[in-house]
Amino acid sequence: MATIYLVRHGQASFGKENYDQLSPKGWEQGRVLGRWFAGKVEPAAVFGGDLERHRETVEAIATGYGSALPDMQVVPGFNEFDHTAVVERYRPEWSDRAVMARDLQAFPKPARAFQEAFVHAVQRWASGEYDHDYDESWPEFKARVLAAFDEMIEYADGGDVLVATSGGPISVIAQSLLGLTDSKALALNEVIANTSVSRVLYSGARRNLAVFNNYSHLEAEDPALVTFR
Numbered sequence: 001m002a003t004i005y006l007v008r009h010g011q012a013s014f015g016k017e018n019y020d021q022l023s024p025k026g027w028e029q030g031r032v033l034g035r036w037f038a039g040k041v042e043p044a045a046v047f048g049g050d051l052e053r054h055r056e057t058v059e060a061i062a063t064g065y066g067s068a069l070p071d072m073q074v075v076p077g078f079n080e081f082d083h084t085a086v087v088e089r090y091r092p093e094w095s096d097r098a099v100m101a102r103d104l105q106a107f108p109k110p111a112r113a114f115q116e117a118f119v120h121a122v123q124r125w126a127s128g129e130y131d132h133d134y135d136e137s138w139p140e141f142k143a144r145v146l147a148a149f150d151e152m153i154e155y156a157d158g159g160d161v162l163v164a165t166s167g168g169p170i171s172v173i174a175q176s177l178l179g180l181t182d183s184k185a186l187a188l189n190e191v192i193a194n195t196s197v198s199r200v201l202y203s204g205a206r207r208n209l210a211v212f213n214n215y216s217h218l219e220a221e222d223p224a225l226v227t228f229r
């Protein structure tokens, strides 16, 4: 059976003007993963969404890998859902970044406060009660990701594949393979580490989740590299 390596992107730039780029730690996470892949993984194809953090994660992996990887094939279906829109539907006042920053600074741990708000925002989005509020509903997001997954497998034609994507798509793929409820899938999304690797074994129509959210490469190099946002 061939293997699909689903890689969540490296740490993005939370709180910066451009979130959609890797932080310095995110770049290092990618390089560490590349070194871990070297000599173990030889992908026949590389895929990713069209987000900057996906492309940069592949670049960082290639740097650590030490030899050429196949050019990344862009499949927008592997993009994350629009987290900004999801949060703003839950907290409309946070469309003003200054207001969001002020509100979060009132908490001892602003990042944790944002995470709690984010979880509630995603639960609202996925509840099915407010689909009209969003350009892309939760069912539409799942359908888009799974269509991209099928497209990628058809293109790969039985070869090993590396996919740089985000936590949301990885959770949706795991949900589909394991028959999980929506609430279980959302819970998975909360614990997927940056540059963690989930492995799907496939042969023809057979697809099985073999490994989920492995970030031992980071723990072995420096536990401080383990991040979830």
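Counting along the sequence shown from 1, when you hit position 1 you're at 1 in UniProt numbering, and nothing is skipped either side. Ideal Cβ placement from N, Cα and C applies to all residues, glycine included. Quantities reported herein were computed from a predicted structural model and do not represent experimental measurements.
Bounding residues of the beta strand (DSSP E) (the contiguous stretch that carries residue i)
i    : result
R210 : The sequence shown places Ala at residue 210, not Arg. Unbroken beta strand (DSSP E) run through A210: R206 to N214.
V197 : V197 to S203
A62  : Counting along the chain, A62 falls outside any beta strand (DSSP E), though it belongs to the alpha helix (DSSP H) covering E52 to Y65.
I4   : A2 to R8
Bridge partners - residue i, DSSP secondary structure assignment
i    : result
F47  : Q73 and V163
L177 : Per DSSP, none; premise fails for L177.
L22  : A12
Proximity to residue i [Cα-Cα], best of the options
i   : options                   : result
Q73 : I170, L51, N189 and M100  : L51
G30 : L104, R8 and G49          : R8
A34 : T227, H217 and S95        : Before going on, a small fix: residue 34 reads as Gly here, not Ala. Per the Cα distances, H217.
T84 : E59, W125, S196 and Q175  : W125
S75 : D222, G49, A12 and L201   : It is worth fixing the name first, because residue 75 is Val in this sequence and not Ser. The residue with the shortest Cα to Cα distance from V75 is G49.
A60 : W27, S67 and A101         : W27
G39 : A121, D182, G66 and D71   : G66
P92 : D133, L146, E140 and D160 : D133
G10 : W36, V41, F47 and T57     : T57
Cβ distance (whole Å) where residue i is taken to contact residue j below 8 Å
i           : j    : result
A32         : G64  : Here the sequence assigns Val to residue 32, which means Ala is not the residue at that position. Rounded, the Cβ-Cβ distance is 6 Å, consistent with contact.
R53         : D20  : 5 Å
residue 290 : S203 : No information on residue 290 is available, as it lies outside the stretch 1 to 229 that the chain covers here.
V163        : F78  : 6 Å
Y215        : S196 : 4 Å
N208        : L177 : 7 Å
I4          : V161 : 5 Å
Limits of the alpha helix (DSSP H) - the one that residue i falls within
i    : result
A193 : It is not in any alpha helix (DSSP H) - A193 carries neither H nor E in the DSSP assignment.
R89  : H83 to Y90
E116 : P110 to A126
R229 : Unbroken run through R229: none, as it is neither H nor E.
E151 : W138 to A156
D103 : R97 to Q105
Worksheet item: With contact counted as at least three CB pairs below 8 Å, one residue from each stretch, are the stretch 187 to 194 and the stretch 135 to 150 in contact?
Response: No, they do not touch.
Worksheet entry | Contact the stretch 117 to 130 vs the stretch 152 to 161: 3+ CB pairs below 8 Å | They do not touch, by the three-pair rule.
Worksheet item: Okay, do the stretch 112 to 121 and the stretch 165 to 176 touch, 3+ Cβ pairs below 8 Å being the bar?
Response: no
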